[in-house]
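Reviewing the structure listed below.
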Amino acid sequence: MIDKPARVRFAPSPTGHMHLGSARTALYNYLLARQTGGQFILRIEDTDQKRYVPGAEKELIDGLHWLGLDYDEGPDVGGSFGPYRQTERRETYREHVQKLVDLGKAYPCFCTPERLEKVRQEQQQQKIRTHYDGFCRNLDPQEAAARIASGEKHVIRFKMPSEGTTTALDYIRGPITVENKLLDDSVLMKSDGWPTYHLAAMVDDHLMEITHVFRSSEWLGTFPLHANIVRAFGWEEPIWIHLSIFLKPSGKGKMSKREKAEAIKDGYSIFVKDLQDLGFIPEGLNNWAALMGWGAGETEDILTLPEMIEKFDLHHLNPSPAAINFTKLDYFNGAHIRMLALDDLAARIKPYFLRENYKVDDATLLKIVPLIRERLVTLDDCLPFAAWFFKETLTINPADLVAKNLDSAQSAQVARKIYAVLENLPNVSHAVAEAPMRALTENLGLSLGQVLGLLRVAVTGQMVSPPLFESMEIVGKSLVLERLRNAIDILEKMSV
RNA sequence: GCCCCCAUCGUCUAGUGGCCCAGGACGGGGCCCUCUCAAGGCCCAAACAGCGGUUCGAGUCCGCUUGGGGGCACCA
């Protein structure tokens, strides 16, 4: 599907951590821009002074970079439609809201927050719709001007048409119609002089020549308002695409704050930064997030970013809410890890060893990677599988050394036999060691599981490890024999 | 309370009136491979919320019911 170049924007507010929903919205924006040869823009919607979180913008930018969703215009990269931070566009909003006032499509309102709260409570008591009662809607313009001149605090409200209906077109849902009398005279400009989202986003989308607006379906309620604002200015509307929201794994509502915190304990999170720390890779995360709400086709599942760019199609976006399925994220992550080049994977898991203070040498690491690659679900799984490679001494649970269906004395006996065989080999490489070990197993009348299981624990210190012979090849003969000697000691001590 | 949106296997989805006794993927179960754990291969169970229409024909169109979700700020 190749269309005209799209200008799209990801417009988060720096009020907290970047979460999954944001990541997916950003991804869809990116995909459409790249597919059509258009531009992907980052705009920071920071007009709410009270909710501003220092560092949030940086986290957003870092998150985007980590995900590989590079943007063409934004606060840190510039562009000819800037500035890209709404706090730097205050004058623009002021001019535009004035235009609306002059047009008679917006008006100053002097109601105090206290009065509004009182009105709201009364409405709730009467069980009627909570809305602005229009107290200032028909103030005499002269009088209003005088009150403003005298410095009286006020906001600017949009004068919503009071009769008829408004129909706005959502790309994936079709036309959405509401009765205008149900619509509120929303605040466009706050008393602190900053615009609300309703005004700022509409103005910016127009001025920045945005062609497609991807946003959460949480905006559906104010969709008619926004359409009315755009129309009041006489502007052309962008294509609106309201994305389904993400539900908690049970499918019952959005994740609560508490549930978000709980998820971390299970090794999951809805925050991009956490997911990164937890060992998820951008390739896996993008793939998983993309497919929540987008039907990519009949059979395709594992997709790379370039493949997604090629296949992305607005027609296959899904309007229904989607329950988060972290198990499926595991699958996508593992699948993409397996697709990584060996040196790439090595570079990505190295920090996890360093984080635990292991001394990692790159040559060894590179030899280990092919052994553990298909075993990793998340990057930090490298630790349980391969940390032992970098340990000076092993901590062995003696009971693990005792081979299945044998006692400690018998196991010690087997261990000595293994030692004797390995000792006489030129080295313990896979090619050299396997056949003799199989032969030994057969001679002893034991199973491979019994013999190699014992050897595994002796060499790696654990019951589960990467393939034994390949591992021994990396460790080397002398260390293998040393550890085997140690294992024999342990078993002999157990037997007395 | 009011408004809006949504509705196919447990989950994510394919399906745009006949190609569907509904396809794929995750998860689950079984088998194979196998030195552990994985990965991989094969197989199985599993869904059109209900009821009315429209039509020669409906998962697909319409209505209602039910269920679910979102919203009703000088937050975004």
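For the working numbering, count along the first sequence from 1 and bump the result up by 12.
We treat Cβ as the ideally placed atom computed from N, Cα and C, and that holds for glycine.
Treat the numbers as computed from the prediction; the structure is a model and nothing was measured.
Inset, instruction - Assign T509 to one of three DSSP states: helix, strand, or coil. - result: In the structure displayed, the chain extends from 13 to 508; residue 509 sits before or after that span and is not available.
Legend entry - Stretch-stretch touch, CB-based, cutoff 8 Å, three pairs: the segment 354-371 with the segment 301-318: no
Legend entry - Where H327 falls, given that 16 or more other Cβ within 10 Å makes a residue buried: exposed
Legend entry - Which of helix, strand or coil DSSP assigns to R497: helix
Legend entry - Endpoints, the alpha helix (DSSP H) within which T37 is located: L32 to T48
Inset, instruction - Would you mind stating whether K345 and V284 have Cβ atoms separated by less than 8 Å? - result: Before going on, a small fix: residue 345 reads as Asn here, not Lys. For N345 and V284, no; Cβs fall outside 8 Å.
Inset, instruction - Reducing DSSP to helix, strand and coil, say where Q154 ends up. - result: helix
Inset, instruction - Using the Cα positions of G263 and I257, report the straight-line distance between them to the nearest angstrom. - result: 11 Å
Inset, instruction - Give the DSSP-derived three-state secondary structure of P207 in the structure shown. - result: strand
Legend entry - Ranges of the beta strand (DSSP E) found wholly within the segment 145-204, counting only runs of at least 3: 167-170, 177-182, 186-191 and 199-201
Inset, instruction - Closer than 7 Å by C-beta to A424: which residues in its own chain qualify, once you throw out the five before and the five after it? Chain order, please. - result: I500, L503, E504 and S507
Inset, instruction - Could you check what DSSP says for M13 in three-state terms: helix, strand or coil? - result: Its pLDDT being 45, under 50, M13 is placed unreliably by the model, and the measurement read from it follows with that caveat. Here M13 sits in coil by DSSP.
Inset, instruction - Mark A335 as exposed unless 16 or more other C-beta atoms lie within 10 angstroms of its C-beta, in which case mark it buried. - result: exposed
Legend entry - Residue from L496, E435 and L354 with nearest C-alpha to T405: L496
Legend entry - Contact the segment 136-143 vs the segment 157-166: 3+ CB pairs below 8 Å: no
Inset, instruction - Quick one: using the 10 Å Cβ neighbour count with 16 as the cut-off for buried, is D216 buried or exposed? - result: buried
Inset, instruction - Tell me the start and end of each unbroken alpha helix (DSSP H) in the segment 275-352 that is at least 4 residues and wholly inside, in chain order. - result: 284-289, 294-302, 317-323 and 338-351
Legend entry - N436, buried or exposed, once every other Cβ within 10 Å from all chains shown has been counted against 16: exposed
Legend entry - Range of the contiguous beta strand (DSSP E) that encloses W252: I251 to L255
Legend entry - the segment 454-461 in contact with the segment 479-496 per 3-pair CB rule at 8 Å: no
Legend entry - Rounded C-alpha distance that separates N439 from G488: 7 Å
Inset, instruction - Whole angstroms is fine: what's the gap from K171's alpha carbon to I188's? - result: 20 Å
Legend entry - From T178, F147 and P207, residue whose alpha carbon lies closest to that of R132: F147
Inset, instruction - Out of V372, I282, D278 and L255, point me to the one whose CA is closest to M267's CA. - result: I282
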